[in-house]
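Below: the structure, in structure tokens.
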Amino acid sequence: MIISMAYPGRYMRLFYIVLVSLLIFDFAFYPFAAHAQSRRTARQTEEKSERPSPRPFTTSVPEETEKEVTPPVEIKSIGKAAYDAVIRSGRYIVGPGDVFAVVINRNEEIETFEVPVGASGSLLFPSVGPVSVAFLSLREANQAIQTAITKRFHQLDISISLARLRTFPINVVGEVHMPGAVDVEGVEQASQLITKAGGLIDDFNRKGSSRNIQIMRLDENGQWHNTERRIDLELWNRTGKAQYNPFLLDGEQIVVPVARSDSIYITGAVQYPGSYEFAPGDRVSDLIVLGNGLRAHSPPKRAHLLRLSDDGEWRPIDIDLSRVLAGDPEANLTLQAGDKLYVIGETKWVYVEGEVKFPGSFPFKEGLRLKELLQQAELTPEASVVQASLIRKVNFEEQTIEDDPALNRLLGIPRSQRTDAEEALITLKTQQLSGRLPIDFVALMAGDEQHNILLQDGDVVRIPRFVPSVRVTGAVIAPANIPYDAALTVGGYIDLAGGFNTRAKEKDIIIVEGNTGNAINATSESIVRPGDAIVVPTRATVPGQGYRITREVIAMLGSIASLVFTIVLINREL
């Protein structure tokens with residue numbers, strides 16, 4: 050004790066020396082120890098990585114992480130009904146930006162992960178490689194993924210679903226209220242995009258088409274071109290078929306044109322009679338669908354299709370509806386702009402169209418006359434009674450000799466021996482048998498009861514808008530419809546059509562009256578009325594006729610020469 054107290058400074062110095070020595074040793078030895086520990090850890094990691102992983106699509110992770118449970122895949126909220134309907138149907142088209150969820154069940158151990166569709170349109174799976182799914186339907190994409198994974202891992206129980214939908218811009222241009230780009234989710238159809246763009250314009254002066262909306266796509270050269278797909282909102286509303294209201298793909302745009310001025314018309318035994326915008330490729334069945342189908346209480350079996358022919362006449366065509374509805378392509382005729390379909394049911398109908406206040410079908414009853422029907426329909430101020438017509442469908446083959454003996458006599462004349470006037474009369478009479486009846490509507494409205502005929506089931510009365518013109522056709526230089534001029538006679542209209550051509554029969558001019566369809570002989574000084582047609586016949590040229598005449602003349606001259614020669618010989622002998 051005495052010693053320690055006597056030398057306190059000595060022991061303190063010894064303590065500091067030992068402490069400093071320990072600190073120096075620790076700083077010097079630590080890097081070597083850390084390096085050794087890192088080498089042991091690396092060696093253990095390498096050994097672990099060399100063993101097969103129980104999870105083929107993931108790398109090794111610490112045990113604590115492996116015990117964590119992956120939360121369920123969250124579907125983006127897009128409207129449950131819309132999502133369910135599209136996803137379950139498999140109609141959804143996959144594209145870059147979509148994200149798939151893959152659930153793997155291996156030995157009761159569940160692994161869930163997400164794989165996005167890259168810009169190239171492929172999914173990249175670890176240990177599997179890229180799987181191309183761009184522009185495939187959801188059903189096709191699921192099959193492609195399933196096939197690719199099971200080729201690599203045979204014993205896995207795999208479930209594949211769409212986790213998140215892509216969003217991409219689509220241009221909607223043309224006759225919409227707010228043209229421009231709209232953001233699109235993959236389950237949205239064309240009609241929803243048009244709604245986002247403000248909807249179709251439907252003003253007094255402008256109207257967007259609802260049946261001829263185009264889908265255009267950008268090609269490799271940066272040019273827009275039409276695709277084969279077309280948006281038809283009318284047929285979509287009637288049928289609900291996705292082909293009329295498709296999903297849009299990346300790089301496409303919607304073009305809404307102005308509604309076409311030409312239309313197709315349906316009336317009679319259908320739910321919604323009326324006129325509808327014409328779309329190229331329309332068939333009789335499409336027009337019936339636009340009319341919301343046939344009346345269920347008495348499904349009709351026949352219809353009349355009225356079509357404007359090249360000569361300006363309306364021709365009725367019989368339609369067998371039972372064959373149309375059975376899918377017969379021959380009966381399901383392709384329509385033309387302006388066609389009118391009259392569906393004939395068990396209830397009898399007559400029809401009025403054109404410039405009347407109440408166009409459409411009217412119940413037919415025995416004893417109904419033409420003037421009474423016109424009073425029910427009420428003519429508009431723009432109605433042209435001069436050009437009005439009554440069309441009646443009659444089976445020409447059922448006509449007998451007693452029905453029209455004059456026509457039967459004309460048909461008995463060989464074609465090569467008929468005059469132009471006879472040919473014109475045959476044409477007129479056959480048109481009347483299966484088409485326009487010779488009714489003078491001007492005289493009818495003036496009180497002439499001779500033209501107030503009894504109507505028949507299926508009769509069609511057409512009241513066009515007044516167009517003051519005269520049609521000049523036949524053997525003239527430039528056949529045309531010429532605006533009516535009360536100061537002009539037949540000769541004046543022919544001059545405006547370029548005059549006669551070299552084969553014209555100038556003395557056999559015919560006027561076909563616009564209000565009756567009657568053909569009358571005319572001269573250059575004859576008076577013409579609005580709606581009339583001037584027909585200049587052509588001189589007929591029968592092939593080989595000149596050769597036959599020459600041959601007959603030569604034969605005749607030969608016979609005469611032989612006779613003269615015989616007479617001369619006889620006189621010499623005498």
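Going by the numbering used here, the first residue of the sequence shown is number 50, and it counts up by one from there.
Ideal placement from N, C-alpha and C gives every residue a C-beta, glycine not left out.
Residue i, DSSP secondary structure in three states
i: residue 490; result: helix
i: residue 155; result: strand
i: residue 198; result: helix
i: residue 244; result: helix
i: residue 579; result: coil
i: residue 570; result: strand
i: residue 328; result: coil
i: residue 436; result: coil
i: residue 555; result: coil
i: residue 293; result: helix
i: residue 150; result: strand
i: residue 205; result: coil
i: residue 239; result: helix
i: residue 187; result: helix
i: residue 263; result: strand
i: residue 352; result: strand
i: residue 498; result: helix
i: residue 193; result: helix
i: residue 279; result: strand
i: residue 141; result: coil
i: residue 391; result: strand
i: residue 549; result: strand
i: residue 117; result: Unreliable placement is indicated for residue 117, whose pLDDT of 34 sits below 50; no coordinate value is reported for it.
Rounded Cβ spacing between residue i and residue j (contact assumed at less than 8 Å)
i: residue 352; j: residue 370; result: 6 Å
i: residue 13; j: residue 145; result: Limits of the chain in this structure are 50 at one end and 623 at the other, which puts residue 13 out of reach.
i: residue 553; j: residue 587; result: 7 Å
i: residue 278; j: residue 295; result: 5 Å
i: residue 515; j: residue 432; result: 7 Å
i: residue 539; j: residue 572; result: 7 Å
i: residue 307; j: residue 372; result: With 8 Å as the limit, residue 307 and residue 372 do not qualify as a contact, their Cβ atoms being about 36 Å apart.
i: residue 227; j: residue 246; result: 5 Å
Boundaries (first-last residue) of the alpha helix (DSSP H) holding residue i
i: residue 286; result: 282–288
i: residue 541; result: 539–545
i: residue 426; result: 419–426
Through-space distance from residue j to residue i, alpha-carbon basis
i: residue 332; j: residue 150; result: 45 Å
i: residue 210; j: residue 142; result: 14 Å
i: residue 357; j: residue 438; result: 13 Å
i: residue 199; j: residue 158; result: 18 Å
i: residue 269; j: residue 525; result: 52 Å
i: residue 492; j: residue 500; result: 7 Å
i: residue 407; j: residue 413; result: 16 Å
i: residue 275; j: residue 181; result: 26 Å
i: residue 212; j: residue 166; result: 11 Å
i: residue 488; j: residue 376; result: 39 Å
i: residue 147; j: residue 265; result: 23 Å
i: residue 502; j: residue 428; result: 18 Å
i: residue 324; j: residue 395; result: 23 Å
i: residue 624; j: residue 366; result: Because residue 624 is not part of the residues shown, which for the chain are 50 to 623, the question remains open.
i: residue 576; j: residue 485; result: 23 Å
i: residue 535; j: residue 578; result: 8 Å
i: residue 337; j: residue 260; result: 15 Å
i: residue 195; j: residue 163; result: 15 Å
i: residue 570; j: residue 368; result: 37 Å
Segment limits, beta strand (DSSP E) that includes residue i
i: residue 334; result: No beta strand (DSSP E) contains residue 334, which is instead part of the alpha helix (DSSP H) from 333–339.
i: residue 161; result: 158–165
i: residue 215; result: Residue 215 -> no beta strand (DSSP E), and no H or E assigned at all.
i: residue 512; result: 509–512
i: residue 374; result: No beta strand (DSSP E) holds residue 374; the alpha helix (DSSP H) holding it covers 370–374.
i: residue 227; result: Careful: residue 227 lies outside any beta strand (DSSP E) and carries neither H nor E.
i: residue 304; result: 301–305
i: residue 402; result: 398–403
i: residue 532; result: 529–532
i: residue 249; result: Here residue 249 belongs to no beta strand (DSSP E), and DSSP marks it neither H nor E.
i: residue 179; result: 178–181
i: residue 411; result: 409–412
i: residue 523; result: 518–523
C-beta neighbour in chain D for residue i, strict 8 Å
i: residue 199; result: Chain labels in this structure do not include chain D; a single protein chain is all it has.
_Three or more C-beta pairs below 8 Å linking the segment 218–231 and the segment 181–194_ = Output reads no: the segment 181–194 does not touch the segment 218–231.
*asked:* Check whether the segment 376–396 and the segment 304–323 touch, using three or more Cβ-Cβ pairs below 8 Å as the test.
replied: Two segments are said to touch when three or more pairs of C-beta atoms, one from each, lie closer than 8 Å; by this definition the segment 376–396 touches the segment 304–323.
_Does the segment 554–565 come into contact with the segment 575–585, if we say contact requires no fewer than three beta-carbon pairs (one atom in each stretch) closer than 8 Å?_
Verdict: yes, contact present.
*When the Cβ atoms of the segment 400–408 are set against those of the segment 420–436, are three or more pairs found closer than 8 Å?*
In short, these stretches touch, since the Cβ pair count reaches three.
*Would you call the segment 325–344 and the segment 283–299 in contact, with 3 or more CB pairs under 8 Å?*
A contact is defined here as three or more CB-CB pairs under 8 Å, and the segment 325–344 meets this definition with respect to the segment 283–299.
_Tell me whether the segment 335–346 and the segment 301–309 touch, counting them as touching only if at least three CB pairs, one residue from each stretch, are closer than 8 Å._
Contact between the segment 335–346 and the segment 301–309 is absent, because fewer than three Cβ pairs lie under 8 Å.
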